[in-house]
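See below for the structure under consideration.
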Amino acid sequence: MAFKTLTHSFRIAGGKLLLDKMHGEMGKDLFEMAGSLGFDQSLNMDLLLRLAPERIKSGTAAAEFARFAKDAQGRIPVNVKITGTTLQPKVSVKASRTLEGAGKTFTQELMKGLAAKTTPKTKATPESTAAKADSADSAKQDAIQKGRDALKRLLGK
Numbered sequence: 006m007a008f009k010t011l012t013h014s015f016r017i018a019g020g021k022l023l024l025d026k027m028h029g030e031m032g033k034d035l036f037e038m039a040g041s042l043g044f045d046q047s048l049n050m051d052l053l054l055r056l057a058p059e060r061i062k063s064g065t066a067a068a069e070f071a072r073f074a075k076d077a078q079g080r081i082p083v084n085v086k087i088t089g090t091t092l093q094p095k096v097s098v099k100a101s102r103t104l105e106g107a108g109k110t111f112t113q114e115l116m117k118g119l120a121a122k123t124t125p126k127t128k129a130t131p132e133s134t135a136a137k138a139d140s141a142d143s144a145k146q147d148a149i150q151k152g153r154d155a156l157k158r159l160l161g162k
């Protein structure tokens, strides 16, 4: 595997190699890794792959999903858990974060679309605002006059 860059921080404690941070570039893709490798060959690693957008063929269902799942840099995050031993590793893709991110982005786009549809297309002009103010004033005056008339009838004045 060829790496463009590779930075790491690790320590040895309790019979394990503890990988605190590892970042790198593999071609156009980025990765981050943390976890432990035991001297007994046990594995417990978390790997985050950030795939380049061009990895996904456009016009496919995967491309449509990737449109919602991409991160701020336009990359598609894929979480991988590596457990077991070095002789029998168990690799599982944890899609929950990717799905969560896609769900948030989809919800945001849906809300923007709904907001755009419910926003009135006409803007208030100074004339229409003045007309509304005049009609509100006349409605107040009518209510005051009706109140005066009712008092005159009741009190006889």
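The sequence shown begins at 6 in the numbering used here and counts up by one.
Each residue gets a CB set at the ideal place from its N, CA and C atoms; glycine is no exception.
Where do the ends of the beta strand (DSSP E) carrying residue i lie?
| i | result |
| --- | --- |
| Thr88 | Ile81 to Thr90 |
| Lys26 | Lys21 to Met31 |
| Ser41 | Asp34 to Gly43 |
| Ser47 | Ser47 to Leu56 |
| Lys99 | Pro94 to Lys99 |
Looking only at its chain, what residues have a beta carbon closer than 8 angstroms to the beta carbon of residue i, apart from the 5 residues adjacent to it on each side?
| i | result |
| --- | --- |
| Lys99 | Asn84, Val85 and Lys86 |
| Phe15 | Leu22, Leu23, Leu24, Asp25 and Met27 |
| Leu92 | Gln46 |
Could you check which residue in the options has the C-alpha nearest to that of residue i?
| i | options | result |
| --- | --- | --- |
| Lys62 | Ile81, Leu54 and Ser47 | Ile81 |
| Arg55 | Leu48, Ser41 and Leu35 | Leu35 |
| Thr12 | Gly20, Lys26 and Leu22 | Lys26 |
| Glu30 | Asp76, Gln150 and Lys9 | Lys9 |
| Arg60 | Leu42, Ser97, Gly79 and Gly43 | Gly79 |
| Ala18 | Gly43, Thr91 and Ala148 | Gly43 |
| Asp45 | Asp76, Thr90 and Lys75 | Thr90 |
Tell me, to the nearest whole angstrom, how far the beta carbon of residue i is from that of residue j; I am working on the premise that it is less than 8 angstroms.
| i | j | result |
| --- | --- | --- |
| Lys33 | Ala57 | 4 angstroms |
Output needed for residue i: all residues of its chain with C-beta closer than 6 angstroms, excluding positions within five of it in sequence on either side, in chain order.
| i | result |
| --- | --- |
| Gly40 | Leu24, Asn49, Met50 and Asp51 |
| Glu37 | His28 and Leu53 |
Using DSSP bridges, identify the partner residues of residue i.
| i | result |
| --- | --- |
| Ala14 | Checking the displayed sequence, the identity of residue 14 turns out to be Ser instead of Ala. DSSP output for Ser14 lists Lys26 as bridge partner(s). |
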